[in-house]
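Each remark here refers to the structure printed beneath this line.
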Amino acid sequence: MANDPDSMRTTVRQVRYLGSAKSGTHHVWHMRLTSFALVPLTIGFVWIILSLVGKDYNTVRTALGSPAIAIIMLLFLLASIYHMMLGMQTVIEDYIHTAPAKTWSLMGNTFFSICVGLACVYAVLRLSFT
Amino acid sequence: MAEAKNRTVSPEARRPLSPHLQIYRPMLTMMMSIMHRITGMALYAGTLLLAWWLIAAATDARAFDTANSVLTSFLGRIVLLGFTWALFHHLMGGLRHFIWDTGRGMDHPEREYLAQATLIGGFVLTAVVWIIAYTVR
């Protein structure tokens, strides 16, 4: 039906009554979800950084590699990187409307976020396991 | 008919435009909305500093000392002060959005108080954290 070139039906008519895709609010919900998680996690992150101010290398290394601190850091990093990726996507979609620039910016945002996120997570895990 | 007269104009040009930023007088609520976005983008770039610091800590003492000396230099401290403020301002803005998500605080005096609380809260928390940082050090 959908592929019939002689069909008189409009595209909307073909999908109507099939139910919603149930994914329209995915972005806004994940934004709220990460925001909510980031309230305590940011406090934890600031607390950890404050406790490390002025400390020597070995103290910082041992602290960042200890299980409780590493887990809080990892949760903070994952939630904040995903949160910022969603946020920058909104900014790009708000200001860039033309096809190639928009696609490249969205790709760049995803790649940047994944690279920074992976680098941070790798560093914390390395501090934990070496 | 207006529509018939405008036939020759492109559909984009005939589309009604909603009033945008440049026609409004700057207001605190508007400034806090803009600052929320700007601090968000600044924090986005700031993750590079965090990544650098964490990678340096995971590498060796020399890399860590290099990162530390840059971050604790005069310029480094200014950047970190800005980073701290952006983080807290954005956090305060996020809390304000949670209140709005429940449908509360959108009327006239409340939304002004929330905008003021966002601004003051960001400054106060930044000051508290930096005072602690300088005293415990």
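Those protein sequence lines, which keep their order, are chains R and U.
If you count by numbering that gives the first Met the number 0, then the first sequence holds residues 0 to 129, one letter each, in order.
If you count by numbering that gives the first Met the number 0, then the second sequence holds residues 0 to 136, one letter each, in order.
Note that the Cβ used here is the ideal one computed from N, Cα and C, for glycine as well.
Small disclaimer: the values here were computed from a predicted structure and weren't measured.
- Looking only at U:L79, U:R110 and U:A50, the smallest Cα-Cα distance to T125 (chain U) is reached by U:L79.
- Taken through DSSP and simplified to helix, strand or coil, K101 (chain R) comes out as helix.
- Approximately 11 Å separates the beta-carbon atoms of A56 (chain U) and C119 (chain R); this is outside 8 Å, ruling out the contact.
- Scanning R:M83, R:V59, R:L76 and R:F110 for the CA closest to the CA of H26 (chain R) turns up R:M83.
- Within chain U, the C-beta atoms nearer than 8 Å to that of M83 (chain R) come from G39, L42, Y43 and T46, in chain order.
- Straight through space, the alpha carbons of V52 (chain R) and M72 (chain R) are spaced by roughly 16 Å.
- A direct Cα-to-Cα measurement between F97 (chain U) and A36 (chain R) gives close to 12 Å.
- Residue range H107 to V135 is occupied by the alpha helix (DSSP H) that includes L113 (chain U).
- In this structure, the alpha-carbon of H29 (chain R) lies about 15 Å from that of L74 (chain R).
- Linking T58 (chain U) to H89 (chain U) through their CA atoms gives a straight-line distance of about 31 Å.
- Within chain U, the residues G93, H96 and F97 have their CB atoms less than 8 Å from the CB of S34 (chain R), given in chain order.
- For D55 (chain R), no alpha helix (DSSP H) run applies, since DSSP gives it neither H nor E.
- Comparing C-alpha distances from I80 (chain R) to each of R:A69, R:G23, R:S34 and R:S104 shows the shortest one belongs to R:S34.
- For L113 (chain U), the number of other beta carbons within 10 angstroms of its own is at least 16, and it is reported as buried.
- Within chain U, the C-beta atoms nearer than 8 Å to that of A122 (chain R) come from A50, L53, I54, A56 and A57, in chain order.
- Taking the Cβ atoms as the reference, I68 (chain R) lies roughly 6 Å from I47 (chain R), within the contact range of under 8 Å.
- Remark: C-beta atoms of E111 (chain U) and T28 (chain U) approach each other more closely than 8 Å.
- Within the region 22-38 of chain U, the residues whose Cβ lies closer than 9 Å to some Cβ of chain R are R36, listed in chain order.
- Between V115 (chain R) and L47 (chain U), the CB-CB gap stays under 8 Å.
- Only residues of its own chain outside the window of five on either side were considered, and among them none has a CB closer than 6 Å to the CB of T97 (chain R).
- For I131 (chain U), the C-beta contacts it makes with chain R under 9 Å involve L49 and V52, in order along the chain.
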